[in-house]
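Novice:
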Amino acid sequence: MNISETEAISLCQQGQLEYFGALYDLYIRKIYDFTYFRTHHKETAEDLTATIFSKALENFSQYQPQKGSFSSWLYRIAKNAIIDHYRTSKPNASLEDAWDVPAAANVERDADTAIKLEKARQLLSKLAPQQRDIVTMRVWDGLSYREISEILGLSEANAKMIFSRTLAKLNKETAFAAVSLLLAWIS
Amino acid sequence: MDNLEKKIQQILLDLYKIDPNFKQHEAKIAIIIKEVLLAKPDTKFDEKFAEDLRRRLMAKADLLKEKQNKTLFGSLKFAKRLNYALGAVAVLTLIIAGGLLSQDRKNKQAISNKTLEIFSGKTSVTKAPSHAFGDLALSSPQGSQPTGMGGAGAGIGAADANSAPKTALGLGGGGMPMLINYQYVYKGGEFSLDQPEMDVYRRVRTAVSGTGAASLLKQMDFGIIDMNTFSNLSLQNLNFAEDKDYGYMFYVSLEEGTISISENWKKWPSPENTCKDSACFEQNRVKFSDVPEDAALIAMANQFLKDHNISTASYGEPLVENSWKEEYLKATDKTNSYIPNFLTVIYPQIINGNEVYDEGGNPAGLTVSVDLYAKKASGVSELYAQNYESSAYEVETDAGQLTKLAEQGGRNGNFSNPGAGRTVQVELGTPHLGYVKSYQPQEQGGPAGQMLIPALIFPITKVSQDTPFYQKNVVVFLPKDFQQTENPVRIMPMQ
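Protein sequence lines, in the order shown, are assigned to chains U and P. Heads up, the final residue of the first sequence is numbered 190 in our numbering, and it's a clean run with no missing numbers. Heads up, the final residue of the second sequence is numbered 490 in our numbering, and it's a clean run with no missing numbers.
1. So L20 of chain U contacts chain P; which residues on that side make the cut at Cβ distance below 7 Å?
2. What residue range is occupied by the uninterrupted beta strand (DSSP E) comprising I256 of chain P?
3. Name, going along the chain, the residues of the stretch 38 to 57 of chain P whose beta-carbon falls closer than 8 Å to a beta-carbon of chain U.
4. Let me know the secondary structure DSSP gives H494 of chain P once reduced to three states.
5. Taking L60 of chain U as the query, report the chain P residues whose CB atoms sit under 8 Å from its CB, ordered along the chain.
6. Chain P beta carbons: is any one of them nearer than 8 Å to that of R57 of chain U?
7. By the 7 Å beta-carbon criterion, what residues does the stretch 134 to 164 of chain U contribute toward chain P?
8. For a test of the three-state rule: what should DSSP assign to E153 of chain U, helix, strand or coil?
9. In chain U, what lies closer than 8 Å to Q231 of chain P by C-beta?
10. Alpha helix (DSSP H) containing M53 of chain P: first to last residue?
11. Among P:A291, P:K432, P:G242, which one has its Cα closest to the Cα of T449 of chain P?
12. Under 6 Å Cβ to Cβ from R197 of chain P, same chain only, skipping five residues before and after it: list those, please.
13. Which residue wins for smallest C-alpha separation from A56 of chain P, given the options U:Y35, U:Y27, U:K45, U:K70?
14. 8 Å is my cut-off, CB to CB: does Y89 of chain U come that close to chain P?
15. Near S152 of chain U, which residues of its chain fall below 8 Å by C-beta distance, leaving aside the five closest residues on each side in sequence?
16. Quick one: is R32 of chain U near chain P, going by C-beta distance under 8 Å?
17. Alpha carbon to alpha carbon, what distance is there between N317 of chain P and S332 of chain P?
18. Among U:W76, U:H88, U:Q19, U:Q65, which residue has its Cα nearest to the Cα of E49 of chain U?
19. Apart from the five residues just before and just after S284 of chain P, which ones in its own chain have a Cβ nearer than 6 Å to its Cβ?
20. Around the Cβ of F186 of chain P, are there at least 16 other Cβ atoms within 10 angstroms (buried) or fewer (exposed)?
21. Tell me whether F63 of chain U sits in a helix, a strand or coil according to DSSP, three-state version.
22. With H, G and I counted as helix, E and B as strand and the rest as coil, what does DSSP make of T418 of chain P?
23. Take P426 of chain P as the anchor and find which of P:G184, P:S309, P:D221 has the nearest alpha-carbon.
24. Taking Cβ-Cβ distances below 7 Å as the criterion, which residues of the stretch 339 to 366 of chain P are in contact with chain U?
25. Can you list, in chain order, the residues of its chain whose CB lies under 8 Å from that of E8 of chain U, leaving out five sequence neighbours each side?
26. Specify the secondary structure class of G444 of chain P as computed by DSSP and reduced to three states.
27. Could you tell me whether any Cβ in chain P is nearer than 8 Å to the Cβ of F73 of chain U?
28. Determine which residues of the stretch 317 to 335 of chain P have a Cβ less than 8 Å from any Cβ of chain U, and write them out in chain order.
29. So with CB distances below 7 Å, who are the chain U contacts of Y246 of chain P?
30. So who's on the other strand from E192 of chain P, going by DSSP bridges?
31. Give a yes or no on whether the minimum CB-CB distance between R406 of chain P and chain U is below 8 Å.
32. In angstroms with no decimal places, state the Cα-to-Cα distance between S64 of chain U and T253 of chain P.
33. State the DSSP-derived secondary structure class of E354 of chain P, mapped to helix, strand or coil.
34. Identify whether R198 of chain P lies in helix, strand or coil by the three-state DSSP scheme.
35. Counting contacts by CB-CB distance shorter than 8 Å, is N174 of chain U in contact with chain P?
36. Shorter than 8 Å from the beta carbon of E10 of chain U to some beta carbon of chain P?
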């Protein structure tokens, strides 16, 4: 199906949900990766991805283009599905994503991923969830600052402001941390 | 140059645009960039999984399409008070967008003579038999409310007031986040409920009259497509905008019977979008001193509603959503604290003499956004016809049971963590009766229904320690249908 994202959105909003497939094709890899970076477990990421697209399909009529991009809307569903996953499966803990889970905790995780992520964990686990979100969204998910700001409910300028100051603060603590954060704020 | 090197170089170039001083550390930064990029894990993406999921979703799409209510014929009525934006000729002009407009005088008159009044500004309730809406607790534990984006304009000034209690995280100094055990304790007075049944309300969607609009659509000559080759056309949504400085954009859902107003972003100045460096951002950043007092914000919102004849007859006294300010005032380093660009004024809906809340315990109703740069109202949302059906449902009257549910966190559950480093006691005061806006799936399928469910609203009166805590109320649904639920429903926060 050779159709643009804009056309597919418009057709879906007119009730022609068969065009949802075009949107699925555009976003399946991105959304799956997004959930994997925050769960570190293949099967969990697959389950959540299925939930995310199912919710998007069921509630497509609620999407309003003038309030933001489709991409940001979909990523917001994804983000909240991940938060819900941790809060329902681990109701006694306040977890935002896998970075909040102690290494020894009984949470499913791909072993090879845990090893590889150890370096990243040294930096990312020190950050507040929102700061961590933006680092991973920018560097790994490749999202623009505008998309990030729409997903997190911030203005683009304020997002940059807050994180540039965070960068300056961390720069004083460790050179490695400071420069790594710089990466997240490149626009 | 391989892909990795290209990415590194691009990141470096972008970095230097922000601050050329980083060029002095290029070698070191390049190494670190490479380390972070290499730390990105292989996500083990499975093509077979993707294909299977696609098949399942497409099958679901077919089912949803069949169930969708395509009957958009009925009387479409716009409020006379909004005619300045929704006049018949204006509607036709905006639909065409550059094509040829049918000048059929007869049809034009037919439209303009059908006074369109979706929003009468008054609440109407039709009584239905008891338990007419079926099992109210049909929703899954994930909840089934629409995941749309609420809030007019940018509406992004408010912090996420729907969130459950947040856990303070230890920052700096390394180490893992410190968890907090929140313990809800009832400290209010005695209360009783003497009504064995209460009304549950279900909003009635407003159907669109396709008679006039559909026939006009078929006669329109778009030049590049023949609309007469299509059948059963119906008008579902309208989008139009004021083409002037500080103009507004309107989105009318004829299916839902709602109107949203937001900034016509092309016509509102946005200094932040023109800034390229931190000095410019800082200069244009909203300062705390720029934020008007609540009374002034409410006055702006009131004036906007008055100027455009938007009735507040079904709403209570307005209030400003100020959760961001609580965090700001508590912060020791205010230079790093978040100040929004927009603030929201909420006019809580009133039904049956009681205020309406959302499932997070926050007032719910008409919202007006105020742009703090422009010091103007920038949009309105949750504007729709207040037409409801009501049906009586048996309710829980045991105060002890209801208090117990409140201490478990009510609708949203709580986040007790007995093994946590510290316990924070959250005190609940004497509840009052309210209604909670909730979206429940319909037994017959189709879009989720907007319900107003009677509930006890337990105010949070005290939090024992200085910890980030944004919840204002605990909501406990009263209908006995919900008392059968083993675990509290966790609603997905989307705003």
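C-beta: ideal position from N, C-alpha, C; glycine also. None of these values were measured; they are calculated from a predicted model.
Specialist: Answer, in terms of the structure:
1. Neighbours of L20 of chain U on chain P, chain order: A56, L59, K60.
2. 253 to 258
3. Only T38, K39, F40, D41, F44, A45, L48, R49, R51, L52, M53, K55, A56, D57 from the stretch 38 to 57 of chain P bring a Cβ to less than 8 Å from some Cβ of chain U.
4. There is simply no residue 494 of chain P to check, as chain P begins at -4 and stops at 490 in what is shown.
5. L52, K55, A56, L59
6. For clarity, residue 57 of chain U is Ser in the given sequence; the question names Arg instead. Taking Cβ atoms only, chain P reaches closer than 8 Å to S57 of chain U, which makes this a yes.
7. V142, W143, G156, L157, S158, E159, A160, N161, K163, M164
8. helix
9. Q16, Q17, G18
10. 42 to 62
11. Note on identity: in this sequence residue 449 of chain P is Pro, with Thr being the wrong assignment. The candidate whose alpha carbon is nearest that of P449 of chain P is P:K432.
12. F128, E384, G444, M446
13. Measuring from the Cα of A56 of chain P, the nearest candidate turns out to be U:Y27.
14. For Y89 of chain U, the answer is no, since every Cβ of chain P falls outside 8 Å of its Cβ.
15. S158, E159, N161, A162
16. yes
17. 14 Å
18. U:H88
19. none
20. exposed
21. helix
22. strand
23. P:G184
24. none
25. A25, L26, L29, F73
26. strand
27. no
28. T330, N331, Y333, I334, P335
29. Q67, Q69
30. P:E389
31. no
32. 12 Å
33. coil
34. Residue state, collapsed to three classes: strand.
35. Note that N174 of chain U scores 48 on pLDDT, short of 50, meaning its location in the model is unreliable; the coordinates nonetheless yield the value given after this. No, because no Cβ of chain P sits closer than 8 Å to the Cβ of N174 of chain U.
36. So no, E10 of chain U is outside the interface.
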